[in-house]
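Residue numbers (the numbering used here): 4 to 254.
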């Protein structure tokens, strides 16, 4: 990690850094690929990551308002992903595929080539009056696969999608040519925006105790749950719609 920071004043602080990291490769758990006693182990390579970030932290209004701003870019090489994929067919006896064919599927960790995540974030902590406090933040995110040659193919609702029309068919497993790719698809569970706002208020009691109710609002944008990003047919979609929640508590 290499970085620099600078104090513009006792209330304004800026920073910038670049950092690298890695996640070791390995062999996954043994998978029964034929239900006939044969087990295979699927290996995956190390994941390499390079991250850049710049930010600003400031205190305002006699330090009653704290603001934090950050912008970042993260590049992945050989990103490790867990994907449901077909690994074989039931064999009986061993070596002879049972007809009609019964595919065997499981989650397998593999490498997805290149991916990138870039975004901006803002956090705040504000004391508007005595015993009251607002906290929260907002984030904007763009997270995509930049390349995934050798993609293992989609695996969910493929029969139903094929029956609905050729244009809805699952992306097939790459045949070794590297031509099957999902470049540009969003990373799973990467909401394009999220926000949180919370307010709490402390009520001192005559006996020395206190009550502190708080309310929290949190929301996230639409996000895909699989790397296939299929949402053309609502009943078969892998998209989670945008949502917001409200929490109340007393302590």
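Where is the CB? At the ideal position from N, CA and C, for every residue including glycine.
In this text, all values refer to a predicted model and were calculated from it rather than measured experimentally.
What are the residues that DSSP puts in a beta bridge with residue 141? Translated into positions along the chain shown, residue 141 becomes position 138. Residue 141 is bridged to 125 and 198.
Which class does residue 240 belong to by DSSP, given the choice of helix, strand or coil? Counting from 1 along the chain shown, the entry for residue 240 is found at position 237. The answer is coil: DSSP assigns residue 240 none of H, G, I, E or B.
On the three-state DSSP scale, how would you describe residue 171? Taking the first residue of the chain shown as position 1, residue 171 is located at position 168. Three-state result, residue 171: helix.
Just tell me which of 19, 92 and 158 has its CA closest to the CA of residue 55. As a position in the chain shown, residue 55 is number 52, starting the count at 1. Residue 19 is the option with its Cα nearest to residue 55.
Does the beta carbon of residue 136 sit closer than 8 angstroms to a beta carbon anywhere in chain D? Annotation note: the requested chain D is absent from the structure, which comprises a single protein chain.
Report the three-state DSSP secondary structure of residue 186 (helix, strand or coil). For the purposes of this step, residue 186 is identified with residue 183 of the chain shown, where counting begins at 1. Correct three-state label for residue 186: coil.
Cα separation between residue 43 and residue 112? As a working note, residue 43 is residue 40 in the chain shown. As a working note, residue 112 is residue 109 in the chain shown. Cα-Cα distance, rounded: 13 angstroms.
Spatially closest choice to residue 217 from 136, 17, 90 and 10, by CA coordinates: Taking the chain shown and counting its residues from 1, the one referred to as residue 217 is at position 214. Nearest C-alpha to residue 217: 136.
Tell me the rounded alpha-carbon separation between residue 231 and residue 174. As a first step, residue 231 must be located in the chain shown, where it is residue number 228. As a first step, residue 174 must be located in the chain shown, where it is residue number 171. Whole-angstrom Cα-Cα distance: 8 angstroms.
Identify, in the order they occur along the chain, each residue of the same chain with its Cβ nearer than 6 angstroms to the Cβ of residue 110, setting aside the five sequence neighbours on each side. Residue 110 sits at position 107 when you count from the first residue of the chain shown. 85 and 87.
Under 8 angstroms by Cβ, that's how I've got residue 101 and residue 146 pegged, so tell me the actual separation to the nearest angstrom. Along the chain shown, read from residue 1 onward, the residue named residue 101 stands at position 98. Along the chain shown, read from residue 1 onward, the residue named residue 146 stands at position 143. Not confirmed; about 41 angstroms, so no contact.
Given residue 225, which residues of its chain have a CB within under 8 angstroms of its CB, disregarding the five upstream and five downstream residues? If you number the chain shown from 1, residue 225 lands on position 222. Around residue 225: 194, 195, 242, 243, 244 and 245.
How big is the Cα-Cα spacing for residue 142 and residue 192? If you number the chain shown from 1, residue 142 lands on position 139. If you number the chain shown from 1, residue 192 lands on position 189. Looking at the two C-alpha atoms, the distance is approximately 14 angstroms.
In the DSSP assignment, find the beta strand (DSSP E) that holds residue 264 and state where it starts and stops. Absent from the model: residue 264. The displayed extent of the chain is 4 to 254, so no value can be given.
Where residue 78 and residue 118 are concerned, what is the direct C-alpha to C-alpha distance, given to the nearest angstrom? Within the chain shown, the letter at position 75 stands for residue 78. Within the chain shown, the letter at position 115 stands for residue 118. Those two C-alpha atoms are separated by around 6 angstroms.
Starting from residue 61, trace the beta strand (DSSP E) in both directions and tell me its first and last residue. The residue labelled residue 61 in the question sits at position 58 within the chain shown. Element bounds for residue 61: 50-63.
Since residue 89 and residue 106 are thought to touch, with beta carbons under 8 angstroms apart, how far apart are those beta carbons, to the nearest angstrom? On the chain shown, position 86 is the one that residue 89 refers to. On the chain shown, position 103 is the one that residue 106 refers to. Right, their Cβ atoms sit about 5 angstroms apart.
Who are the near neighbours of residue 185 in its chain, counting only those whose CB is closer than 8 angstroms to its CB and skipping five residues on each side? On the chain shown, residue 185 is found 182 positions in, with the first residue counted as 1. Contacts found: 148, 151, 154, 174, 230, 231 and 232.
Between the beta-carbon of residue 163 and the beta-carbon of residue 114, is there less than 8 angstroms? Taking the chain shown and counting its residues from 1, the one referred to as residue 163 is at position 160. Taking the chain shown and counting its residues from 1, the one referred to as residue 114 is at position 111. No; because the gap between Cβ atoms is not below 8 angstroms, this pair is not in contact.
By the 10 Å Cβ neighbour count, where 16 or more other Cβ atoms means buried, how is residue 170 classified, buried or exposed? By 1-based counting over the chain shown, the position of residue 170 is 167. Exposed is the call here.
Go through its chain and collect everything with a Cβ distance to residue 48's Cβ below 6 angstroms, but skip five positions before and after it. On the chain shown, residue 48 is found 45 positions in, with the first residue counted as 1. Around residue 48: 28, 81 and 114.
Nearest-angstrom Cα distance between residue 31 and residue 221? Start at 1 with the first residue of the chain shown, and residue 31 comes out as number 28. Start at 1 with the first residue of the chain shown, and residue 221 comes out as number 218. Straight-line Cα distance between these residues: approximately 36 angstroms.
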